[in-house]
Amino acid sequence: MLSNRFTRRTALSAAALLLGTSALAGCAGENATAANADKTLSIDFATYNPLSLVLKEKGWLDEAAKESGVSVEWIQSAGSNKANEALRADAIDVGSTAGSAALLARSNGSPIKTIALYSQPEWAALVIGKDSKISSVKDLKGKTVAATKGTDPYFFLLQSLEEAGLSEDDIKLQNLQHADGRTALANGSVDAWSGLDPIMAAAEEDGASLVYRNLDFNTYGALNAREDFIEESPELAQLVVDSYEKARAWATENPEETAEILADVAGLGPEVATTVIEERSNLDVPAAPSEKYTSVLLNIGPTLVASGDVSKQESVDEALATLVDDQFATQADATKISGE
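Below is the structure:
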């Protein structure tokens, strides 16, 4: 009898322990969700970043974050300069810019890191109106040119001028946001515009033409996060990068639908959106920023200083040495994000 009583007591104790462990595990999960109840992940979307549009449209990141009790706030960026302003002001945690713009921001003290790449685009070129007699970069001397300072098209313009033996002093620069640059070109307020897709592709539909293209002057699309966000919420940073990998895989397999999403958000015709996605956007690039990424930025560093956008080369060198944080991209796993 003693043996039977001991066995029964042992079994009951084990069962109680199992139930207690399960309850604790449940409480831990509930506590983790409760701890994040008031947490918001602020992230941008932009027409120059097709993966952000796919991600927002599909709701994958929203659902994944919701499981941890985190809500997602989507804020539109009109250009790399606006994304950088929002990052510096702590209005967003993660923002998409051109690589050159990320380097510029960090060189000037913005506490950001590039945590992943979202594309290798040919998104910038020099654009002229349909009746323009400009036929080369050299013809821009003395002309009025629109560009958005702090963005890839601006740095594309500076590099193009330098290659042609000119500088910013040889033109009359109009610092206009991308969409306003297109409007200024269309109404004749400027002679040329350093454009950005998809707005640039839409301008071509209206009769504008690309007078100069150079893929090597375009820097990668960089996904940047604030340093304090990385330190305080590394699990959310990983969630963002994992979600981007899911969007990348889907967009690569579904270019037509990706173009449809871009057309809808940007108000473009189907053919224009298709041109941007299939001819000028290489979305199937490794997420981890590699030496190829930094070498492209290394080439543009002196331009940042020569233009006066950064005070000294040492600031650029230090920024370039500390810009990349690839811990999340090297562990990126799209399978962790559910949804179709």
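Counting with mature numbering (1 follows the signal peptide of the UniProt record, and there is no 0), you get residues -25 to -1, 1 to 315 for the letters of the sequence shown. The beta-carbon is built from N, C-alpha and C at its ideal position, and this holds for glycine as well.
Euclidean distance between Cα positions of residue i and residue j
i	j	result
Arg200	Val291	The question names Arg, but residue 200 is Ala in the sequence shown. Using only the alpha carbons, I get a separation of about 19 Å.
Pro128	Val120	11 Å
Ser94	Leu16	22 Å
Lys124	Leu79	11 Å
Gln302	Ile275	25 Å
Glu231	Asp145	42 Å
Asp37	Leu211	11 Å
Tyr219	Glu32	13 Å
Asn164	Ile103	Checking the sequence shown, residue 164 turns out to be Ser, not Asn. If you take the alpha carbons of Ser164 and Ile103, they lie about 12 Å apart.
Trp49	Ala238	19 Å
Ala241	Ile252	13 Å
Glu138	Leu101	13 Å
Thr(-16)	Glu42	Residue placement at Thr(-16) is flagged as unreliable, the pLDDT there being 42, under the threshold of 50; the coordinate-derived value follows with that caveat. Cα to Cα, the separation comes out at about 37 Å.
Trp225	Pro25	11 Å
Ala222	Trp168	31 Å
residue 317	Asp13	Because the chain is modelled from -25 through 315, residue 317 falls outside the range shown and cannot be assessed.
Val260	Glu143	33 Å
Asp166	Lys116	11 Å
Thr310	Ala39	12 Å
Asp181	Gly54	22 Å
Ala183	Ala176	9 Å
Asn56	Ala161	23 Å
Ala3	Asn229	With a pLDDT of 42 at Ala3, under the threshold of 50, the predicted position of this residue should be treated as unreliable, and no value is reported.
Ala21	Ala159	22 Å
Ile205	Ser52	21 Å
Leu151	Ala122	6 Å
Ser111	Trp98	19 Å
Glu202	Phe131	28 Å
Ser46	Pro209	16 Å
Pro264	Thr194	12 Å
Ser75	Gly314	33 Å
Ser135	Gly44	48 Å
Lys147	Pro86	32 Å
Ala77	Lys88	8 Å
Leu214	Val69	12 Å
Ala178	Asp172	9 Å
Supposed contact pair residue j and residue i - C-beta distance, whole angstroms, cut 8 Å
i	j	result
Gly170	Arg188	Between Arg188 and Gly170 the Cβ distance is about 11 Å, and since that is not below 8 Å, they are no contact.
residue 324	Thr305	Since the first residue shown for the chain is -25 and the last is 315, residue 324 is missing from the structure and cannot be characterised.
Val216	Ala307	5 Å
Arg81	Leu298	5 Å
Ala154	Ile174	6 Å
Thr269	Leu295	6 Å
Ala262	Leu92	6 Å
Ala66	Thr126	Not quite, the Cβ-Cβ distance comes to about 18 Å (not below 8 Å), so this is no contact.
Asp300	Ile90	5 Å
Ile312	Trp35	5 Å
Where the beta strand (DSSP E) containing residue i begins and where it ends
i	result
Glu38	Not the beta strand (DSSP E): Glu38 falls in the alpha helix (DSSP H), residues Trp35 to Lys41.
Thr119	Thr119 to Ala122
N-terminal and C-terminal residue of the alpha helix (DSSP H) that residue i is part of
i	result
Glu97	Unbroken run through Glu97: none, as it is neither H nor E.
Val112	It is not in any alpha helix (DSSP H) - Val112 carries neither H nor E in the DSSP assignment.
Leu132	Asp127 to Glu138
Asp292	Gln288 to Thr297
Check: Would you say the stretch 59 to 77 touches the stretch 246 to 257, given that touching needs at least three Cβ pairs under 8 Å?
Finding: Cβ pair count under 8 Å is below three, so no.
Item checked: 3 or more residues per run - each beta strand (DSSP E) lying fully within the stretch 248 to 283 -> Annotation: the stretch 248 to 283 contains no complete segment of the beta strand (DSSP E) (minimum length 3 residues).
Margin query: Restricting to runs no shorter than 4 residues, where is the alpha helix (DSSP H) found entirely within the stretch 194 to 240?
Written below: Taken in chain order, the whole alpha helix (DSSP H) runs of length 4 or more contained in the stretch 194 to 240 are 202 to 207 and 209 to 228.
Margin query: Which complete alpha helix (DSSP H) runs does the stretch 151 to 186 hold, if anything under 4 residues is left out?
Written below: 153 to 161 and 174 to 180
Check: At a cut of 8 Å, does the stretch 267 to 281 reach the stretch 105 to 112 through at least three beta carbon pairs?
Finding: Here the stretch 267 to 281 does not lie against the stretch 105 to 112, with fewer than 3 beta-carbon pairs under 8 Å apart.
Notebook entry, point to check: Along the chain, which unbroken stretches of the alpha helix (DSSP H) at least 4 residues long are found entirely within the stretch 13 to 92?
Noted result: 25 to 33, 35 to 41, 55 to 63 and 74 to 82
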